[in-house]
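So the protein sequences, as listed, match chains G and P.
Start counting the first sequence at 821; every next residue gets the next number (the numbering used here).
Start counting the second sequence at 821; every next residue gets the next number (the numbering used here).
We put the CB at the ideal spot given by N, CA and C, even for glycine.
Quick notes on the structure that follows.
Protein chains: 2
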Amino acid sequence: MSTQDPALFALLNEIGIIEQLARNRFERAQPDGLRLPHFAVLNHLVRLGDGKTPGQLARAFQLTKATMTNTLQRLEARGFIRLEPDAEDARAKRVFLTPEGRARREEAVAFTAADLSALAQRADIHADAMLAPLRALRTALDRDPRRG
Amino acid sequence: MSTQDPALFALLNEIGIIEQLARNRFERAQPDGLRLPHFAVLNHLVRLGDGKTPGQLARAFQLTKATMTNTLQRLEARGFIRLEPDAEDARAKRVFLTPEGRARREEAVAFTAADLSALAQRADIHADAMLAPLRALRTALDRDPRRG
DNA sequence: CTTCTTTAGTTCGATGTCTTACTATTTAGT
DNA sequence: ACTAAATAGTAAGACATCGAACTAAAGAAG
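Below, the structure is given as structure tokens:
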């Protein structure tokens, strides 16, 4: 885009391209077709604890419940999670990691950490400096309803 | 994600969320179902000139040719572009904007500029400062090519 | 307790994107 | 010139995502 763009416009443009490149880079590196959203859910369950409901996960990732249903069905089909009924609320389910799911997450984390570490060294990326401003932008987009 | 994440990992995570929020924000604001990739192509043709080939557009957006074929077919069906055979290369086509396509792009630009401008004012976004480092990150990720 | 509303999750159809495979045309190598 | 490799575009199949419509269950109002 040109220098005449409002800076925020150009920024979001750049962000879109980076997201696409990063997602492709991750997914092409997986030997078994693990998708980024699959990894994201596994990672979330390891870090923040499993036993969450699908709805909680959908809200955490800002995805619709329908999308999370799809992701969880695929993770379950791969044997990476179990879905159990919630004893206290018959409408709800609870998502639990299997040992295979934990192991697959560790594998993906290890690879990704190595890849990103190498990338950050080859190029002079100042990720620390960008993190705070991007979080501010995310927050702004997140709670600022659209006008009109 | 937690503070134990490598900064680049957390950064890409944040970027993924922002991309999703920004795309949804744009698309929900369109009255006619115009998608972000459609707008991106119209905008590109206005700014850099039409008469490009589908392959050139695919490379410009780092998408596969198949994806660009799909986008162009939808833009043509909406009457926003015309596809003409290339006189010098019988394999190729050339993409031209229609008056309707130009008008629709102007409409979307006006809305988006206003929306982003308002957003940038309400929140304290330093888009200028982030642009250069993000471009460096994009360039670093970009070394991986081989597309259709 | 009965009814209305809200919440949890699924299903369905549409769209964007990718990979793989294909056709047609151009270019390069010999 | 002939043939092989590269390039332009398309088609088919897979998957992620969304919105709308649906079912089931819990909560609120009376």
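>> Taking CB distances under 7 Å as the criterion, tell me whether Asp948 of chain P reaches chain G.
In response: Indexing the second sequence from 1 puts residue 948 of chain P at position 128. Contact with chain G is found for Asp948 of chain P, since one of that chain's Cβ atoms lies less than 7 Å from the residue's Cβ.
> Can you tell me whether Asn863 of chain G is buried or exposed, with buried defined as 16 or more other CB within 10 angstroms of its CB?
Replying inline: Looking up residue 863 of chain G in the first sequence gives position 43. Buried.
> Do you know offhand how far Ala878 of chain G's Cα is from His946 of chain G's?
Replying inline: Taking the first residue of the first sequence as 1, we reach residue 878 of chain G at position 58. Taking the first residue of the first sequence as 1, we reach residue 946 of chain G at position 126. Each residue's alpha carbon lies about 31 Å from the other.
> Any idea which residues DSSP pairs Lys913 of chain G with across the strands?
Replying inline: Taking the first sequence and counting its residues from 1, one reaches residue 913 of chain G at position 93. Looking at the DSSP output, Lys913 of chain G shares a beta bridge with G:Pro905.
> Whose C-alpha, out of G:Leu854, G:Asp870, G:Glu926 and G:Gly869, is nearest the C-alpha of Asn895 of chain G?
Replying inline: For the purposes of this step, residue 895 of chain G is taken as residue 75 along the first sequence, with counting starting at 1. Contrary to the premise, residue 895 of chain G reads as Leu rather than Asn in this sequence. The candidate whose alpha carbon is nearest that of Leu895 of chain G is G:Leu854.
> How many angstroms separate the CA atom of Arg902 of chain G from the CA atom of Thr918 of chain G?
Replying inline: Translated into the one-based positions of the first sequence, residue 902 of chain G becomes position 82. Translated into the one-based positions of the first sequence, residue 918 of chain G becomes position 98. The alpha-carbon separation between Arg902 of chain G and Thr918 of chain G amounts to approximately 7 Å.
> I think Val866 of chain P touches Arg922 of chain P, with their Cβ atoms under 8 Å apart; what is that distance to the nearest whole Å?
Replying inline: As a first step, residue 866 of chain P must be located in the second sequence, where it is residue number 46. As a first step, residue 922 of chain P must be located in the second sequence, where it is residue number 102. Sure, about 6 Å apart at Cβ, within 8 Å.
> Shorter than 7 Å from the beta carbon of Ala897 of chain P to some beta carbon of chain G?
Replying inline: Here residue 897 of chain P refers to the residue found at position 77 of the second sequence. Not closer than 7 Å to any Cβ of chain G, the Cβ of Ala897 of chain P fails to qualify, so no.
>> Given this structure, state the Cα-to-Cα distance separating Met950 of chain P from Met950 of chain G, to the nearest angstrom.
In response: Start at 1 with the first residue of the second sequence, and residue 950 of chain P comes out as number 130. Start at 1 with the first residue of the first sequence, and residue 950 of chain G comes out as number 130. About 7 Å.
> What's the gap between the Cα of Ala940 of chain G and the Cα of Leu828 of chain P?
Replying inline: In the first sequence, the residue the question calls residue 940 of chain G occupies position 120. In the second sequence, the residue the question calls residue 828 of chain P occupies position 8. In this structure, the CA atom of Ala940 of chain G is about 7 Å from the CA atom of Leu828 of chain P.
> Could one say the Cβ of Ala827 of chain P lies closer than 7 Å to chain G's Cβ atoms, at least one of them?
Replying inline: For the purposes of this step, residue 827 of chain P is identified with residue 7 of the second sequence, where counting begins at 1. Yes - at least one Cβ of chain G is within 7 Å of the one on Ala827 of chain P.
>> For His858 of chain P and Asn833 of chain G, I'd like the C-alpha separation in whole angstroms.
In response: As a first step, residue 858 of chain P must be located in the second sequence, where it is residue number 38. As a first step, residue 833 of chain G must be located in the first sequence, where it is residue number 13. CA-CA distance, His858 of chain P to Asn833 of chain G, rounds to 14 Å.
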